[in-house]
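Below is one structure, written out as structure tokens, with a few remarks after it.
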Amino acid sequence: MCNRFVGTWKLVSSENFDDYMKELGVGLATRKLGGLARPDVIISMKGDIVTIRTESTFKNTTISFKLGQQFDETTADDRKVKSVVTLEKGALVQVQKWNGKETTIKRRLVDGKMVVECAMKGIVCTRVYERV
190 MCNRFVGTWK
200 LVSSENFDDY
210 MKELGVGLAT
220 RKLGGLARPD
230 VIISMKGDIV
240 TIRTESTFKN
250 TTISFKLGQQ
260 FDETTADDRK
270 VKSVVTLEKG
280 ALVQVQKWNG
290 KETTIKRRLV
300 DGKMVVECAM
310 KGIVCTRVYE
320 RV
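Residue numbers (our numbering): 190 to 321.
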């Protein structure tokens, strides 16, 4: 099921990203840079290990994981989090936890596009990617 996400994706639209970053506790300078970035996301699989690489002029990050297994992640804004990614109703759902806080990143395919919904405490950001 994850293999449907495999490929290279380019950000084409972003709504409410600044408010989401604010809720995460991201500082003003990093929010401004993050808001300007138009990242590519490269998703690949090798056996049961999924790799998500995010590349932008701002920062590159890579996570590799097995579904349902917790892993340590350093986010693009330098948070040290515990993450778990599961497959729920065809969506890749990632939960990040740190310092008593939690955010959910849901990646799903809609009409050939990857729609990413990031949510924390009622703030929802929607970012849409097209396959390259």
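Glycine is no exception: its CB is placed at the ideal position from the N, C-alpha and C atoms.
query: DSSP has Ala197 in a bridge; who is on the other side?; result: It is worth fixing the name first, because residue 197 is Thr in this sequence and not Ala. DSSP, once it has assigned bridges, lists Ile231 as partnering Thr197.
query: The beta strand (DSSP E) spanning Thr250 covers which residue range?; result: Thr250 to Lys255
query: DSSP beta-bridge partners for Glu277?; result: Ala280
query: Give the straight-line distance between the Cα atoms of Asp229 and Lys310, rounded to the nearest whole angstrom.; result: 27 Å
query: Are Val270 and Gln259 touching if we call contact CB-CB under 8 Å?; result: no
query: Around the C-beta of Thr292, are 16 or more other C-beta atoms found within 10 angstroms, so that it is buried, or is it exposed?; result: buried
query: Whole angstroms are fine: how far does the CA of Phe254 sit from the CA of Thr315?; result: 23 Å
query: Comparing alpha-carbon positions, which option in Thr219, Ala280 and Met190 lies nearest Arg268?; result: Thr219
query: Answer with buried or exposed for Gly224, where buried requires no fewer than 16 other C-beta atoms within 10 angstroms of its C-beta.; result: exposed
query: Round the Cβ separation of Ala280 and Arg296 to the nearest angstrom and send it over; I've been treating them as touching at under 8 Å.; result: 6 Å
query: Taking the alpha-carbon positions, what's the Ser233 to Thr243 distance?; result: 12 Å
query: May I ask you to report which of helix, strand or coil DSSP gives Thr264?; result: coil
query: Identify which residue in Ser203, Thr197, Gly196 and Asp237 has its Cα closest to the Cα of Val305.; result: Ser203
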